[in-house]
Each structure stands twice: as structure tokens, then as C-alpha cells.
Amino acid sequence: MTAQTIEGNLASFTENDASVRLIWAVFSVIPGAPPLSFYGSLGEAQMLLYPELPAEGLERAAAFAADPGTIRALEVGDFIDKGDVGIAAFSGAAAVFQLFFGDKKKALDTDPQQGADAALKVLAIAYLIHQLIPGSVAEKAALFRGTQAGEALLTWYGAVEIALPFADDAVLAGGSVIGRMVEKYGGGHLAKLDAVGGPGAGANAQAMLGALSGPLDNVIANVSKYTNQIADTAKTYLPPAIATAGTVAGAVATAADALPVYRLLVARLAAEVCLARAGSGPSS
């Protein structure tokens, strides 16, 4: 497996890549979505988002970028896209759009599989945040939500993993969507995370998710109003190989390599977290 780094993962994207254009397009039709500027390195992120950070602060951020927790978070982001080591069962943004535009009866038939995948992904996201950010769960959640990339990750997940595939589903009706999603579809996923991340990984993910469920539910409530606009806009940005896939299975087969959106979103999150930590002091 190629080693994951913030610099390497960010540098693997350009502004014209399908993943970048798709994320930007989806966010352009969601009121309240975080503003995004493209950057291809930790230094570019610092200049755009943390211009007041001095040179020694950027050096601290680079040191934080080499932390084992940072590397592990990047690995999990990559796994979410690729379905590697059991993280995702039905991964890929293209599959979601196939469900949205395709045969609704077939979409309903695949709901349990899509639901299980959405539950596992949100637990994986919670786990990578727990690994990436030091401190208590409350401190981790506060730093995460204080970054543009953190809000972007919540917005993408809420729009593409929940609002689009379950637009006509009772899962969106009343109460905590995330709580009911994990309760309904998440059986066995905590043990799967333990197998991937080591003993306690599932418990850490669950604890972190407790601090994220409320904000995620708010995001889902907002983006659910705009599913038609999101889907219509995003469809024009899908790569030809995916846009013409005849089946959901065909879309899934090509999605991981063509649309590595979580690789990008998590690399941005890791960069911004390292910069925010560096701005708080030498040992943050």
C-alpha cells in the first residue's frame, strides 16, 4: 500500500479533476454550504486559510502532519473510497447518482445495502476524526467543526450518502437520522472497525459520532430540500465512463478510482486540522 501523506494526497488532485469539480458543483446549489478554495499543498492551505500563521507555525503544522493519527486518518479516507479492508461495502458517489436517476423500484431494493454502507461510512468518518485530532471528544468535535474542511465533509456525507439515496425514504422523517441509520443498518460495523483499527476503534468511533450526530442531522435537514438541484447539477460533472454506466454495479466498479472524493476531503481536513493546531501553540 502506498504511504498516505497530506502533501501527496493533496498534490494528486488538480482543479480540473472530476472529484474536485463534482464537490464544488454540489456545494454550489446548497445554501449554507462552506465556501471552498482549491489548494494543492499544506503551504497553499496556510496562505489561503491561515495567513496570519508565522513560518514556525507552518513548521509545527508539517510536524503534526507526520503524526501517526494523521496518517491513519488519511488511510481511512482512502479506504472509504476504495472499499479496502472492509471499510465500505457499496462505495462511490456515482452509485448514489445511479440510484437517484435510475429505476426507483431497484433503488428501493438496494436500500439495505446502501443504508449499511452509509452507516459504516459515518462510523469510519467518526473514527478518522478521533484519530486525527487530540483531546477530549468535545475538543475534537470543536476543532473539527471549526474548519471549513470539517463542514465540507459533513455536507458531502449528508448530501450524497443520505439525502440523495434516501430522498423518498422514511429514514429522513423525524428524529435523529444518523442515530436511526446506525441503529437500523449498523449492526456488526463496530466489530469491523475494531478489526481494521484495533481494539477500541469501534468504541472510539461511537463516542465521536455522539458529538457529530446533531450537527449532521442539521446538515441533512438542510440539504434534503435540494436533492433535485444537487442531482441535476452533479450529473453534468460525472466522468463519461460513470455517466454512461448501465447498471449500479458498473458505476460502483468505476467509482473508486474515478471519484476519490473522500481521499480529497479527508486530506483537506487533515491539512486544516494541522494548521489550526499549529496556530494554537507548539504542543496542541
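This note's numbering applies: residue 227 is where the sequence shown begins, and numbers increase by one.
All C-beta atoms, glycine included, are put in the ideal place defined by N, C-alpha and C.
Rounded to whole angstroms, what is the Cα-Cα separation between Gly-376 and Gln-455?
Residue 376 sits at position 150 when you count from the first residue of the sequence shown. Residue 455 sits at position 229 when you count from the first residue of the sequence shown. Distance between the alpha carbons of Gly-376 and Gln-455 is about 23 Å.
Segment limits, alpha helix (DSSP H) that includes Gly-511
The question about residue 511 has no answer here: the residues shown for the chain are numbered 227 through 510.
Would you tell me roughly how many angstroms separate the C-alpha atoms of Leu-334 and Arg-247, rounded to the nearest one?
Taking the first residue of the sequence shown as 1, we reach residue 334 at position 108. Taking the first residue of the sequence shown as 1, we reach residue 247 at position 21. Since pLDDT at Leu-334 reaches only 40, below the 50 mark, its modelled position is unreliable, and no value is offered.
Residues of its chain near Gly-505, where Cβ-Cβ distance is below 7 Å and the 5 sequence neighbours each way are ignored
Along the sequence shown, one-based indexing puts residue 505 at 279. So the list reads Tyr-276, Leu-279 and Gly-283, once near-sequence residues are dropped.
Buried or exposed: where does Asn-235 fall if 16 or more other Cβ atoms within 10 Å of its Cβ makes it buried?
Start at 1 with the first residue of the sequence shown, and residue 235 comes out as number 9. Result: buried.
Can you find the residues in the same chain that come closer than 8 Å, C-beta to C-beta, to Gln-432, ignoring five residues on each side of it along the sequence?
Locating residue 432 in the sequence shown gives position 206, where the first residue counts as 1. So the list reads Leu-349, Ala-352 and Leu-416, once near-sequence residues are dropped.
Could you check which residue in Ala-502, Ala-497, Ile-232 and Glu-233 has the C-alpha nearest to that of Ala-368?
As a working note, residue 368 is residue 142 in the sequence shown. Closest option to Ala-368, Cα to Cα, is Ala-502.
Within the segment 329-395, note down every full alpha helix (DSSP H) run reaching 4 residues or more, in order along the chain.
List check, alpha helix (DSSP H) in window: 330-335, 337-358, 363-371 and 374-382.
Need the endpoints of the alpha helix (DSSP H) that Ile-297 sits in, please.
Here residue 297 refers to the residue found at position 71 when the sequence shown is read from its first residue. Per DSSP, the unbroken alpha helix (DSSP H) holding Ile-297 starts and ends at 294-308.
When DSSP labels each residue in this structure, what does Ala-229 get in the three-state scheme?
Residue numbering aside, residue 229 sits at position 3 when the sequence shown is read from its first letter. Correct three-state label for Ala-229: coil.
To the nearest angstrom, report how far apart Thr-473 and Ala-287 are at their CA atoms.
The count along the sequence shown starts at 1 and reaches residue 473 at position 247. The count along the sequence shown starts at 1 and reaches residue 287 at position 61. A caution first: Thr-473 carries a pLDDT of 43, below 50, which makes its placement in the model too unreliable to give a value.
Per the contact definition of three or more C-beta pairs closer than 8 Å, is the segment 236-246 in contact with the segment 434-443?
These segments do not touch.
Whether Ala-411 touches Pro-338 by CB criterion (8 Å):
Taking the sequence shown and counting its residues from 1, the one referred to as residue 411 is at position 185. Taking the sequence shown and counting its residues from 1, the one referred to as residue 338 is at position 112. Per the sequence presented here, residue 411 reads as Tyr, with Ala not at that position. When the beta-carbon positions are compared, Tyr-411 and Pro-338 come within less than 8 Å of each other.
Determine the extent of the alpha helix (DSSP H) in which Ala-259 is found, giving its start and end residues.
Locating residue 259 in the sequence shown gives position 33, counting from the first residue. Premise fails: Ala-259 is in no alpha helix (DSSP H) and is neither H nor E.
Same chain, Cβ closer than 8 Å to Leu-491, neighbours up to 5 away in sequence not counted:
The residue you call residue 491 lines up with position 265 of the sequence shown. Here the set comprises Ile-249, Gly-303, Ala-375, Ala-378, Leu-379 and Trp-382.
Please classify Phe-290: does DSSP put it in a helix, a strand, or coil?
Residue 290 sits at position 64 when you count from the first residue of the sequence shown. Correct three-state label for Phe-290: helix.
Where does Ser-254 fall in DSSP's three states?
Working through the sequence shown from its first residue, we reach residue 254 at position 28. Annotated three-state conformation of Ser-254 is helix, per DSSP.
CA-to-CA distance, Gly-426 to Gly-312, given in whole angstroms:
Within the sequence shown, residue 312 is the residue found at index 86, counting from 1. Within the sequence shown, residue 426 is the residue found at index 200, counting from 1. Since pLDDT at Gly-312 reaches only 39, below the 50 mark, its modelled position is unreliable, and the value read off the structure follows with that caveat. Whole-angstrom Cα-Cα distance: 17 Å.
C-alpha gap between Arg-494 and Gly-341, whole angstroms
Working through the sequence shown from its first residue, we reach residue 494 at position 268. Working through the sequence shown from its first residue, we reach residue 341 at position 115. So the two alpha carbons sit approximately 26 Å from each other.
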